[in-house]
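6 is the number of the first residue of the sequence shown in the working numbering; add one for each residue after it.
A short write-up of the structure that comes next.
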Amino acid sequence: MAVRSSEFRLAATIATVALAFFVADFFYFRHSSVILDLDNWFELAKVMMVLAAIFVVMRLVEWRIEKDKSWIGRLIASSAAAVRLMAANASLFVPLSFASVWFMYLASATNRPLMDQTLAALDAAIGFDWRAFLDFTNRQPLVADTLVFAYHALGRQLPLLFILLGFAKRPRLTEFIALLAVSSALTGALMWLVPAAGAYAYFQPQPVDFSNFTARAGMWHFTELMRIRSGEPFDLFVTRAEGLVTFPSYHTALGIMIVYALRDYRWLLWSVGCLNAVMIISTLPEGGHHLIDVVAGAMVAAVSILAVRFVVGDEPSAAIASAGSTLNPAHLKTPTSTSPPASAGPFPP
6 MAVRSSEFRL
16 AATIATVALA
26 FFVADFFYFR
36 HSSVILDLDN
46 WFELAKVMMV
56 LAAIFVVMRL
66 VEWRIEKDKS
76 WIGRLIASSA
86 AAVRLMAANA
96 SLFVPLSFAS
106 VWFMYLASAT
116 NRPLMDQTLA
126 ALDAAIGFDW
136 RAFLDFTNRQ
146 PLVADTLVFA
156 YHALGRQLPL
166 LFILLGFAKR
176 PRLTEFIALL
186 AVSSALTGAL
196 MWLVPAAGAY
206 AYFQPQPVDF
216 SNFTARAGMW
226 HFTELMRIRS
236 GEPFDLFVTR
246 AEGLVTFPSY
256 HTALGIMIVY
266 ALRDYRWLLW
276 SVGCLNAVMI
286 ISTLPEGGHH
296 LIDVVAGAMV
306 AAVSILAVRF
316 VVGDEPSAAI
326 ASAGSTLNPA
336 HLKTPTSTSP
346 PASAGPFPP
């Protein structure tokens with residue numbers, strides 16, 4: 006019961022954040038040059054219907070197979086329960102992602118001055134020279150290649166993590182999506198307060214200066230950002246959105262939260278932790294972040310983890326353990342609860 010209670014609180018947290026994003030979106034879009042094409046709503050509806058269908062089908066599979074006590078029957082039932090859990094969580098994750106991406110574009114459609122000069126000054130105040138760091142890493146091809154690999158490996162970690170947590174301890178997937186929700190809210194607020202274009206846009210290095218990094222390192226978003234800031238009408242298609250967040254570094258926040266989500270899996274924790282530590286370094290020369298962006302991203306992750314731990318409360322470890330793995334035979338006879346906990350947010354880079 007304690008586990009289910011924590012799932013409900015996490016789900017409520019995610020739904021609240023999603024609702025807050027939608028309220029902010031509807032408040033700002035009337036006065037914004039960003040136009041949300043109606044096709045976005047049709048795409049959202051289609052995805053939600055597919056998730057609902059998957060949920061229902063998996064529940065029917067569980068019901069149909071519940072009297073089969075063979076190992077194959079129990080395996081099918083537990084797998085169906087895990088897929089149903091992922092569909093339920095995705096049904097919260099998708100609207101949150103939709104609303105947060107919409108907000109990211111609305112927040113970027115401002116004529117307020119970019120604050121990269123201030124961010125660069127803060128870097129200098131703590132003794133960090135972004136140009137010197139770019140030069141140092143670019144002069145070593147092996148280092149540059151490693152950083153590029155680590156930076157772009159983050160996107161591949163998410164679907165694998167969702168699957169792992171979906172088939173593992175029940176509260177963990179919901180907990181991770183709640184982390185995404187809270188961190189998305191914090192990131193959205195900070196990017197609105199501190200508009201920025203990134204270190205590449207500010208320092209404007211020549212191509213030879215980052216020849217061992219990707220051709221558009223740190224500048225994937227720049228053309229889109231300038232179009233939005235121009236004040237001209239901009240048609241937004243959420244499925245084709247760019248990550249516009251510079252401050253804070255969401256790559257940093259996400260990398261830390263992924264490692265936290267793997268704390269029950271020591272065999273993965275250290276390897277993924279080392280990879281994401283390199284990835285955080287790569288956000289400077291490949292992601293085009295100021296160092297202060299990375300510091301802010303780490304703070305977003307820390308606050309999000311503390312907030313979610315507060316939401317979960319002081320659950321006894323035994324309660325978590327009782328959720329077990331969906332592959333634990335002791336839990337195969339009774340399908341897991343149909344009330345899922347939740348899902349979560351964007352991923353501005």
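Here a beta-carbon is modelled for each residue, glycine too, at the ideal position from N, C-alpha and C.
Simplified DSSP state of residue i, which is helix, strand or coil
i      : result
Ile40  : strand
Phe154 : helix
Pro321 : The predicted model places Pro321 with a pLDDT of 45, which falls under 50 and marks its position as unreliable, so this point remains unresolved.
Asp240 : strand
Thr331 : Unreliable positioning characterises Thr331 in this predicted model, as indicated by a pLDDT of 36, which lies under 50. The coordinate reading is nonetheless provided below. Coil.
Met224 : coil
Asn116 : coil
Ala258 : helix
Asp134 : coil
Gly292 : coil
Glu247 : coil
Phe32  : helix
Ala326 : Reliability fails at Ala326, whose pLDDT of 39 lies under 50, so the model's placement of it is uncertain and the value that follows must be treated cautiously. Of the three classes helix, strand and coil, the one that applies to Ala326 here is helix, per DSSP.
Val264 : helix
Gln211 : coil
Phe47  : helix
Gln145 : coil
Ala201 : coil
Ala312 : helix
Pro176 : helix
Ser105 : helix
Ser84  : helix
Phe13  : helix
Ile19  : helix
Phe60  : helix
Ser188 : helix
Phe27  : helix
Pro164 : helix
Anticipated Cβ contact below 8 Å, residue i with residue j, distance rounded
i      : j      : result
Glu267 : Val277 : For clarity, residue 267 is Leu in the given sequence; the question names Glu instead. Contact flag correct, Cβ pair sits at about 6 Å.
Phe167 : Leu178 : 7 Å
Pro176 : Ser11  : 6 Å
Ile263 : Gln162 : 6 Å
Leu111 : Ser37  : 5 Å
Val28  : Ala183 : That belief does not hold up - the Cβ atoms of Val28 and Ala183 are roughly 19 Å apart, past 8 Å.
Leu280 : Ala93  : Not a contact, Cβ separation roughly 29 Å.
Pro212 : Leu139 : In fact, because the Cβ distance is near 12 Å, the residues do not count as touching under 8 Å.
Val99  : Met53  : 7 Å
Val106 : Ala246 : 5 Å
Ala86  : Glu71  : With a Cβ gap of about 10 Å, Ala86 and Glu71 do not count as contacting.
Tyr205 : Ala222 : 7 Å
Val250 : Met304 : About 14 Å separates the two Cβ atoms, so there is no contact after all.
Candidates the options: closest to residue i by CA position
i      : options                        : result
Ile297 : Arg161, Ala104, Thr115, Val199 : Val199
Thr115 : Met224, Val300, Val213, Ala202 : Ala202
Leu65  : Ser83, Ser75, Glu48            : Ser83
Leu127 : Ala190, Ala307, Leu311, Val299 : Val299
Met224 : Val213, Tyr207, Glu237, Glu180 : Tyr207
Ala258 : Ala246, Ala190, Trp272         : Ala190
Ala186 : Arg14, Phe13, Ala17, Val22     : Val22
Ser102 : Ile40, Ala220, Thr192, His226  : Thr192
Val39  : Phe108, Asp150, Ala86, Thr288  : Phe108
Leu90  : Phe172, Ile77, Gly248, Arg221  : Phe172
Ala95  : Arg136, Gly248, Ala57          : Ala57
Leu49  : Thr288, Ile81, Phe32, Leu97    : Leu97
Trp272 : Leu169, Leu80, Ile19           : Leu169
Phe141 : Asp214, Leu249, Thr288, Lys51  : Asp214
Tyr33  : Ala125, Leu159, Ala104         : Ala104
Arg117 : Phe26, Arg234, Trp135, Leu159  : Arg234
Ala220 : Asp150, Trp275, Ile286, Gly236 : Asp150
His157 : Ala307, Ala25, Ile285          : Ile285
Ala16  : Ala130, Ala306, Glu180         : Glu180
Tyr265 : Leu80, Arg79, Leu311, Phe133   : Leu311
Continuous alpha helix (DSSP H) stretch holding residue i: start and end
i      : result
Ser75  : From DSSP, Ser75 is part of no alpha helix (DSSP H); its letter is neither H nor E.
Asn217 : Unbroken run through Asn217: none, as it is neither H nor E.
Asp269 : Taken as a continuous stretch (DSSP letters only), Asp269 belongs to no alpha helix (DSSP H), as it is neither H nor E.
Ala206 : 204-208
Q: Report yes or no: do three or more beta-carbon pairs, one from the stretch 243-262 and one from the stretch 280-294, lie closer than 8 Å?
A: yes
Q. Do the stretch 54-62 and the stretch 133-146 make contact, defined as three or more Cβ pairs closer than 8 Å?
A. no
Q: Specify whether the stretch 223-240 and the stretch 310-318 touch according to this definition: at least 3 beta carbon pairs, one from each stretch, less than 8 Å apart.
A: no
Q.
Would you call the stretch 235-243 in contact with the stretch 36-48, where contact means no fewer than 3 C-beta pairs closer than 8 Å?
A. yes
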